[in-house]
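Participant: Residue numbers (my numbering): 95 to 529. Heads up, the beta-carbon is just placed ideally off N, CA and C, and yes, glycines get one too.
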């Protein structure tokens with residue numbers, strides 16, 4: 095009997111080894127395994143190879159676990175049931191079924207220990223220290239994969255044949271953008287990645303959806319110099335600007351001819367070199383307002399220029415895009431050295447369910463309050479919260495105007511002239527709770 099117990103216990107431990115190895119290799123971080131491989135660890139190399147061929151290694155592990163389960167049930171039932179049968183034969187009620195009851199009880203006890211010792215405990219250990227255990231277990235699992243390879247291959251071919259006969263086709267494993275974004279949000283909520291990292295990931299996704307019109311500084315915010323003025327007036331205007339680059343135009347902003355870098359002017363003045371204003375003007379990149387953001391970035395890289403002029407279908411200037419605008423659309427608001435300090439942030443979270451948002455804030459900032467808020471840049475021509483509010487109310491805005499959109503309640507709380515300055519955004523579920 096003791097020999098039978100030892101055999102069953104060893105089989106349960108072997109089952110635990112397979113379960114531990116499976117979770118450890120799957121959960122181990124690739125970069126840590128790569129680090130150990132570079133240090134000369136053969137176990138890390140084996141683990142990386144197994145990770146690169148998951149179907150083969152996982153199937154081999156599953157075959158091993160299944161075989162152990164079958165052997166445990168069959169051998170254990172036969173070995174231990176005979177010791178319990180006499181006990182159940184003592185009672186008239188159970189005597190006719192003594193063999194069956196003894197067998198079921200033995201299988202139940204073996205299954206219990208198999209689940210606890212052979213599954214749950216090893217998997218918990220693997221999750222707590224995946225890299226170290228993966229490196230230790232990989233050589234043995236690699237050997238098991240080689241031994242079981244013919245059987246695994248036979249199973250794979252049989253499965254594929256049956257699937258074809260009943261009309262099942264392999265499903266594409268390509269992860270969609272929405273699925274990837276959902277996974278990143280889940281990882282952020284569970285603390286796997288920082289909230290700030292998730293925000294940057296979201297910004298990158300949004301950037302790929304945007305067009306030039308969503309990146310640009312609008313023409314009303316663009317600083318420009320009239321080169322038809324006198325030389326002294328132009329130099330004075332350039333020296334007073336807070337920007338490093340300024341648009342050069344004739345009489346009006348739509349008659350733009352290029353950009354002037356203030357640094358070039360300062361160098362000429364410092365060196366007392368003779369120059370004409372036209373010598374400072376550089377031809378800008380001109381892009382249509384519908385051009386994709388990635389194409390705008392490619393234009394910057396290919397032309398080695400830092401300012402792009404955005405034009406509409408009639409050739410009139412809509413705005414300009416700088417490298418700084420690109421960075422802000424990728425990582426969020428970045429203050430420039432020349433920016434004046436302000437006490438009003440673009441987004442101020444009042445509590446868990448409400449925020450005070452600047453009209454100048456990018457529309458995607460609303461996802462900070464409601465993760466389900468979706469921005470489809472393919473269908474909109476605005477890029478700010480103010481533009482979104484105007485599109486929704488479709489009238490001249492006034493303080494106190496409110497409207498609902500999906501799960502959010504919007505209220506205009508401040509207006510500067512005709513421009514929406516501040517908007518209070520509240521989750522509707524909180525409104526329902528308080529009412």
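Between the Cα of residue 423 and those of 311, 411, 129, 233, spot the shortest distance and give me the residue it belongs to.
Facilitator: What you label residue 423 is simply residue 329 of the chain shown in a count that begins at 1. Among 311, 411, 129, 233, the Cα nearest to that of residue 423 belongs to 311.
Participant: Less than 8 Å between the C-beta atoms of residue 217 and residue 113, yes or no?
Facilitator: By 1-based counting over the chain shown, the position of residue 217 is 123. By 1-based counting over the chain shown, the position of residue 113 is 19. For residue 217 and residue 113, yes; Cβs fall inside 8 Å.
Participant: Helix or strand or just coil, what does DSSP make of residue 212?
Facilitator: For the purposes of this step, residue 212 is taken as the residue at position 118 of the chain shown. Note: residue 212 maps to helix in three-state DSSP.
Participant: Please return the same chain residues whose Cβ sits closer than 6 Å to the Cβ of residue 556, not counting the five positions on each side in sequence.
Facilitator: Outside the displayed span of the chain (95 to 529) sits residue 556, for which this structure offers no information.
Participant: Does the Cβ of residue 527 have 16 or more other Cβ atoms within 10 Å, making it buried, or fewer, making it exposed?
Facilitator: By one-based count along the chain shown, residue 527 stands at place 433. Residue confidence for residue 527 is low, a pLDDT of 37 falling below 50, so the modelled location carries little weight; the figure read from the coordinates is stated next. Classification for residue 527: exposed.
Participant: Span of the alpha helix (DSSP H) holding residue 116?
Facilitator: Here residue 116 refers to the residue found at position 22 of the chain shown. Here the alpha helix (DSSP H) through residue 116 covers 96-121.
Participant: Can you name, in chain order, every residue of its own chain whose Cβ lies under 8 Å from the Cβ of residue 304, other than the five neighbours on each side?
Facilitator: What you label residue 304 is simply residue 210 of the chain shown in a count that begins at 1. Counting only Cβ-Cβ distances below 8 Å, and skipping sequence neighbours, we find 386, 387, 423, 471, 477.
Participant: Please name the residue or residues paired with residue 461 in a DSSP beta bridge.
Facilitator: As a first step, residue 461 must be located in the chain shown, where it is residue number 367. None; residue 461 has no bridge partner.
Participant: What is the rounded straight-line gap between the Cα of residue 335 and the Cα of residue 356?
Facilitator: Taking the first residue of the chain shown as 1, we reach residue 335 at position 241. Taking the first residue of the chain shown as 1, we reach residue 356 at position 262. Spanning the two alpha carbons is a distance of roughly 9 Å.
Participant: According to DSSP, which residues form a beta bridge with residue 339?
Facilitator: For this step, residue 339 is matched to residue 245 along the chain shown. 355.
Participant: Which first and last residues belong to the alpha helix (DSSP H) in which residue 152 is found?
Facilitator: Within the chain shown, residue 152 is the residue found at index 58, counting from 1. Element bounds for residue 152: 148-183.
Participant: Could you give the DSSP three-state label for residue 398: helix, strand or coil?
Facilitator: Numbered from 1 along the chain shown, position 304 holds the residue referred to as residue 398. Looking at residue 398 - three-state DSSP - the assignment turns out to be coil, as it is neither helix nor strand.
Participant: Hey, would you say residue 239 sits closer than 8 Å to residue 125, going by beta carbons?
Facilitator: Start at 1 with the first residue of the chain shown, and residue 239 comes out as number 145. Start at 1 with the first residue of the chain shown, and residue 125 comes out as number 31. No.
Participant: To the nearest angstrom, how far is the alpha carbon of residue 352 from that of residue 322?
Facilitator: Along the chain shown, one-based indexing puts residue 352 at 258. Along the chain shown, one-based indexing puts residue 322 at 228. Computed Cα separation, rounded: 14 Å.
Participant: Just how far apart, CA to CA, sit residue 143 and residue 224?
Facilitator: Residue mapping note: residue 143 aligns to position 49 of the chain shown, counting from 1. Residue mapping note: residue 224 aligns to position 130 of the chain shown, counting from 1. When rounded, the distance between both Cα atoms is 16 Å.
Participant: Compare the beta carbon distance of residue 517 and residue 453 with 8 Å and say whether it is the shorter of the two.
Facilitator: Position 423 of the chain shown, counting from 1, holds the residue named residue 517. Position 359 of the chain shown, counting from 1, holds the residue named residue 453. Yes, Cβ-Cβ distance for residue 517 and residue 453 is below 8 Å.
Participant: Between residue 473 and residue 110, what straight-line distance do the alpha-carbon atoms span, to the nearest angstrom?
Facilitator: Taking the first residue of the chain shown as 1, we reach residue 473 at position 379. Taking the first residue of the chain shown as 1, we reach residue 110 at position 16. Roughly 54 Å separates the two Cα atoms.
Participant: Quick check on residue 198: buried or exposed, where buried means 16 or more other Cβ atoms within 10 Å of its Cβ?
Facilitator: Within the chain shown, numbered from 1, the residue matching residue 198 stands at position 104. Residue 198 is exposed by the Cβ-count criterion.
Participant: So for residue 376, helix, strand or coil by DSSP?
Facilitator: As a position in the chain shown, residue 376 is number 282, starting the count at 1. If DSSP states are grouped into helix, strand and coil, residue 376 belongs with the strands.
Participant: With burial defined as no fewer than 16 other Cβ atoms inside 10 Å of the residue's Cβ, what is the status of residue 481: buried or exposed?
Facilitator: In the chain shown, residue 481 corresponds to position 387, counting from 1. A residue is called buried once 16 or more other Cβ atoms fall within 10 Å of its Cβ, and residue 481 is buried on that count.
Participant: Runs of 4 residues minimum, wholly inside the stretch 289-352: which ones carry the alpha helix (DSSP H) assignment?
Facilitator: 289-303, 306-309, 325-334
Participant: Assign residue 448 to one of three DSSP states: helix, strand, or coil.
Facilitator: Walking along the chain shown from the start, residue 448 turns up at place 354. Note: residue 448 maps to strand in three-state DSSP.
Participant: I'd like to check one pair, residue 459 with residue 441: are the Cβ atoms closer than 8 Å?
Facilitator: Walking along the chain shown from the start, residue 441 turns up at place 347. Walking along the chain shown from the start, residue 459 turns up at place 365. A contact, by the Cβ cut-off of 8 Å.
Participant: In this structure, what does DSSP give as the bridge partners for residue 508?
Facilitator: Position 414 of the chain shown holds residue 508. The partner list for residue 508 (beta bridge, DSSP) reads 516.
Participant: Pull up the CB-CB distance for residue 214 and residue 118, whole angstroms please, since I reckon it's below 8 Å.
Facilitator: If you number the chain shown from 1, residue 214 lands on position 120. If you number the chain shown from 1, residue 118 lands on position 24. Actually they are not in contact, since the Cβ atoms of residue 214 and residue 118 sit about 15 Å apart, beyond 8 Å.
Participant: Alpha carbon to alpha carbon, what distance is there between residue 284 and residue 500?
Facilitator: By 1-based counting over the chain shown, the position of residue 500 is 406. By 1-based counting over the chain shown, the position of residue 284 is 190. Between residue 500 and residue 284, the C-alpha separation is close to 25 Å.
Participant: Where DSSP assigns a beta bridge to residue 415, which residues make up the other side?
Facilitator: The count along the chain shown starts at 1 and reaches residue 415 at position 321. DSSP lists 402 as partners of residue 415.
Participant: To which residues does DSSP link residue 386 through a beta bridge?
Facilitator: Within the chain shown, the letter at position 292 stands for residue 386. BP columns for residue 386 point to 305.
Participant: Can you give the beta carbon distance from residue 244 to residue 140, rounded, assuming they're within the 8 Å contact cut?
Facilitator: Residue numbering aside, residue 244 sits at position 150 when the chain shown is read from its first letter. Residue numbering aside, residue 140 sits at position 46 when the chain shown is read from its first letter. In fact, because the Cβ distance is near 20 Å, the residues do not count as touching under 8 Å.
Participant: What are the start and end residues of the beta strand (DSSP E) that includes residue 497?
Facilitator: Against the chain shown, residue 497 aligns to sequence position 403. In the DSSP annotation of this structure, the continuous segment of the beta strand (DSSP E) that includes residue 497 starts and ends at 496-499.
Participant: Specify, as a first and last residue, the run of the alpha helix (DSSP H) that residue 233 falls within.
Facilitator: Walking along the chain shown from the start, residue 233 turns up at place 139. It spans 224-259 - the alpha helix (DSSP H) in which residue 233 sits, taken as one unbroken run.
Participant: In the DSSP output, what is residue 381 paired with across the bridge?
Facilitator: Position 287 of the chain shown, counting from 1, holds the residue named residue 381. Paired residue(s): 404.
Participant: Quick one: what's got a C-beta closer than 8 Å to residue 525's C-beta in the same chain, skipping five residues either side?
Facilitator: For the purposes of this step, residue 525 is identified with residue 431 of the chain shown, where counting begins at 1. Annotation note: pLDDT 42 at residue 525 (below 50); position unreliable, no value reported.
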